[in-house]
Amino acid sequence: MRSVPCGAGFGRTLMDRAVARARVRGCAPVQLTSNKRREDAHRFYAALGFARRLISR
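Read in order, the letters of the sequence shown are residues 0 to 56 in numbering that gives the first Met the number 0.
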């Protein structure tokens, strides 16, 4: 895979297609997990419309 610069829209396109495929197959809701320290990832997921939920044990 070649390098794609950040902000080029590749991540958004990839996520949009993955969510669309999941929905076609009847998978809902779509959930993500991410380490709480990955703030850049959290901002990216929020921009895609995902809501942040904290799970404690």
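Note that CB positions come from ideal geometry on N, CA and C, so glycine has one too.
Alpha carbon to alpha carbon, what distance is there between Y44 and R37? The residue labelled residue 37 in the question sits at position 38 within the sequence shown. The residue labelled residue 44 in the question sits at position 45 within the sequence shown. Cα-Cα distance, rounded: 11 Å.
Nearest neighbour of G8, chosen from L53, A46, I54 and R51 [CA to CA]: Along the sequence shown, read from residue 1 onward, the residue named residue 8 stands at position 9. G8 has its Cα closest to that of A46, out of L53, A46, I54 and R51.
Please report how far the alpha carbon of G6 lies from the alpha carbon of I54, in whole angstroms. On the sequence shown, residue 6 is found 7 positions in, with the first residue counted as 1. On the sequence shown, residue 54 is found 55 positions in, with the first residue counted as 1. Spanning the two alpha carbons is a distance of roughly 29 Å.
Beta-carbon separation (whole angstroms), A40 vs S33, contact threshold 8 Å: The count along the sequence shown starts at 1 and reaches residue 40 at position 41. The count along the sequence shown starts at 1 and reaches residue 33 at position 34. Rounded, the Cβ-Cβ distance is 5 Å, consistent with contact.
C-alpha gap between R51 and A21, whole angstroms: For the purposes of this step, residue 51 is taken as residue 52 along the sequence shown, with counting starting at 1. For the purposes of this step, residue 21 is taken as residue 22 along the sequence shown, with counting starting at 1. Each residue's Cα considered, the two are about 20 Å apart.
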